[in-house]
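Going by my numbering, the first residue of the sequence shown is number 2, and it counts up by one from there. Beta carbons: idealized from backbone N, C-alpha and C, even for Gly. The structure presented is a predicted model; accordingly, all values stated were derived computationally and were not measured. Read through the structure below, which is laid out as structure tokens, and then see the notes.
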Amino acid sequence: MNVNKEIDKKRFDEIIKAKNDEKLDIWYSLKDLVELKGISYRSLKNMVKGVYEKHSEQGSIYKKGRRYYIKYTLLDAFELKQPRKYTVYSYPWKTKIAYTTKDKYDYHYHQQIVSEITGATPEVKYWYVTELDKSDRNHVHLMADYEPKYIEPIINRILEKYLDSTQNYRLYCEPVQNKACSINYLMKNPIDNGEI
Numbered sequence: 002m003n004v005n006k007e008i009d010k011k012r013f014d015e016i017i018k019a020k021n022d023e024k025l026d027i028w029y030s031l032k033d034l035v036e037l038k039g040i041s042y043r044s045l046k047n048m049v050k051g052v053y054e055k056h057s058e059q060g061s062i063y064k065k066g067r068r069y070y071i072k073y074t075l076l077d078a079f080e081l082k083q084p085r086k087y088t089v090y091s092y093p094w095k096t097k098i099a100y101t102t103k104d105k106y107d108y109h110y111h112q113q114i115v116s117e118i119t120g121a122t123p124e125v126k127y128w129y130v131t132e133l134d135k136s137d138r139n140h141v142h143l144m145a146d147y148e149p150k151y152i153e154p155i156i157n158r159i160l161e162k163y164l165d166s167t168q169n170y171r172l173y174c175e176p177v178q179n180k181a182c183s184i185n186y187l188m189k190n191p192i193d194n195g196e197i
């Protein structure tokens, strides 16, 4: 590796470490990952050395004694090619969705909208939460196992039916970049959550 590439890598690692230090401070041990990811401890032990070599300088993983500690942002690095069982963290989510309304609607109103969305897309598996924002307005976050281009037009049509026009709601429908971060965000402050 030439000197410039080494300097660039070191700078990159320092920037990533600084950003990681600003994020939530949630750490897991390998034993925690067994349940979260549905992966055997032995498989995790086989994976952790490579993950440690790649990410330790960025501050996303560290070793204390014989134990590894992994930041929540790095959970996606621990994936099996063929999972034996799925957990919410290991399921192949493809889309993260959120919608909020201009006016305040109660929890049951949003549950009806979620029921309409799931009824219109029975082949899609969802995981969702309803939560209150700072102004006590309910809004919904969903994860789906289909691509955004398939789901977004359907959700827009349903929201327009219930809320009259696109000026009365805001919809966010994007591909999942980091499953663990998306899931932790959904679980930050739920009123209710569920899998459909």
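Using CA atoms only, rank isn't needed, just tell me which of the options is closest to residue i.
i, options, result
"Asp134", "Glu148, Ile114, Thr102 and Tyr147", "Thr102"
"Lys97", "Lys55, Lys11 and Lys180", "Lys180"
"His140", "Tyr147, Tyr129 and Leu37", "Tyr129"
"Asp104", "Leu81, Asp77 and Leu164", "Leu164"
"Leu81", "Pro176, Lys10 and Val35", "Val35"
"Asp146", "Ile27, Pro176 and Leu187", "Pro176"
"Gln83", "Glu161, Tyr53, Ser44 and Glu124", "Ser44"
Does the beta-carbon of residue i have 16 or more other beta-carbons within 10 angstroms, so that it is buried, or is it exposed?
i, result
"Glu7", "exposed"
"Thr74", "buried"
"Tyr110", "exposed"
"Thr167", "exposed"
"Tyr108", "exposed"
"Ile156", "buried"
"Lys10", "exposed"
"Arg85", "exposed"
If residue i sits next to residue j, beta carbons under 8 Å apart, how far is it from one beta carbon to the other, in whole angstroms?
i, j, result
"Tyr127", "Met144", "7 Å"
"Gly120", "Tyr87", "That pair is no contact at about 23 Å."
"Ala99", "Tyr29", "That pair is no contact at about 25 Å."
Does any residue of chain E have a CB that is nearer than 8 Å to the CB of residue i?
i, result
"Gly39", "The question asks about chain E, but that chain is absent: this structure has only one protein chain."
Where do the N-terminal and C-terminal ends of the beta strand (DSSP E) with residue i fall, by residue?
i, result
"Asn139", "Asn139 to Ala145"
"Glu175", "Tyr170 to Pro176"
"Val130", "Tyr127 to Leu133"
"Lys64", "Ile62 to Lys65"
"Glu99", "As written in the sequence, residue 99 is Ala, which differs from the Glu given in the question. That run of the beta strand (DSSP E) goes Thr96 to Thr102."
Which residue comes first and which comes last in the alpha helix (DSSP H) that contains residue i?
i, result
"Arg43", "Tyr42 to His56"
Using a Cβ-based criterion (distance less than 7 Å to any ligand heavy atom), does residue i qualify as near the ligand SAH?
i, result
"Leu81", "As far as ligands go, the structure on display features none, and thus does not contain the ligand SAH."
- request: Give a yes or no on contact between the stretch 142 to 161 and the stretch 83 to 96, applying the rule of three or more CB pairs nearer than 8 Å.
  value: Contact holds: three or more Cβ-Cβ distances are below 8 Å.
task: Could you tell me whether the stretch 136 to 143 touches the stretch 50 to 68, using the rule of 3 or more Cβ pairs below 8 Å?
output: They do not touch, by the three-pair rule.
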